[in-house]
Amino acid sequence: MAVPTKNIPAPDLVPVRRALLSVFDKTGLIDFAKALAAAGVELVSTGGTAKAIAEAGLAVRDVSDLTGFPEIMDGRVKTLHPSVHGALLGIRDDADHAKAMRDHHIEPIDLVVSNLYPFEEVRRSGAGYASIVENIDIGGPAMIRASAKNHPYVALAP
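For the sequence shown, my numbering begins at 2 and goes up steadily by one.
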């Protein structure tokens, strides 16, 4: 199906008011989160990432507060929720999308900070099958792809 491009605005700087941070490798996370917080950005995060941000003394909102649903299945399901993906995929200046976001209490997310589980490293290490399977990232790639699809409205930082 061809999608007309005339309705998609040209990429520009995305104003960031809310960021979702969910990373496996936390290198540089705290400095980046501090810079976002200093700029007045609301930090939303998951599991260990939220814990690291909170331990650094920064205000952070758990993603389960956004979704109204807890992390389940040992953290396998955290961000796979319409409140997250609607927040990433909603075209902000499309009246129908804006109405759907309002009707379903979906708060826009302007920035995704994500890196993926180290699947290849784990596979190459000779780890067992179960460990390899657990390092197949689902939520991270889904958020990255949603951000890329809606790039005029959502920025992405690795």
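Note that beta-carbon positions come from the ideal geometry of N, C-alpha and C, so glycine has one too.
Worksheet item: Any idea what DSSP makes of residue 126, helix, strand or coil?
Response: Indexing the sequence shown from 1 puts residue 126 at position 125. Coil at residue 126, not helix or strand.
Discussion item. Taking only three categories from DSSP, how would you classify residue 54?
Written reply: Translated into positions along the sequence shown, residue 54 becomes position 53. In the three-state scheme derived from DSSP, where H, G and I count as helix and E and B as strand, residue 54 is classed as helix.
Worksheet item: What alpha helix (DSSP H) runs, 4 residues minimum, are completely inside the stretch 20-49?
Response: 30-39
Discussion item. Please report the distance separating the alpha-carbon of residue 25 from that of residue 100.
Written reply: In the sequence shown, counting from the first residue as 1, residue 25 sits at position 24. In the sequence shown, counting from the first residue as 1, residue 100 sits at position 99. Near 34 Å, if we compare the C-alpha coordinates of residue 100 and residue 25.
Worksheet item: Is the beta carbon of residue 68 less than 8 Å from the beta carbon of residue 82?
Response: For this step, residue 68 is matched to residue 67 along the sequence shown. For this step, residue 82 is matched to residue 81 along the sequence shown. Cβ distance < 8 Å, so residue 68 and residue 82 count as in contact.
Worksheet item: Taking just the CA atoms, how far does residue 76 sit from residue 40?
Response: Here residue 40 refers to the residue found at position 39 when the sequence shown is read from its first residue. Here residue 76 refers to the residue found at position 75 when the sequence shown is read from its first residue. Approximately 30 Å between the Cα atoms of the pair.
Worksheet item: To which residues of the same chain is residue 20 closer than 8 Å at the C-beta, ignoring the five residues directly before and after it?
Response: Residue mapping note: residue 20 aligns to position 19 of the sequence shown, counting from 1. If we look at residue 20 and ignore the five residues flanking it on each side, its Cβ neighbours are 37, 42, 43, 44, 45, 110, 111, 112, 113, 114.
Worksheet item: residue 102: buried (16+ other C-beta within 10 angstroms of its C-beta) or exposed?
Response: Here residue 102 refers to the residue found at position 101 of the sequence shown. Counting Cβ neighbours within 10 Å, residue 102 comes out buried, since at least 16 surround it.
Worksheet item: By Cβ distance below 7 Å, which residues in the same chain neighbour residue 133 in space, the five residues on each side in sequence not counted?
Response: Start at 1 with the first residue of the sequence shown, and residue 133 comes out as number 132. Hits under 7 Å: 123, 124.
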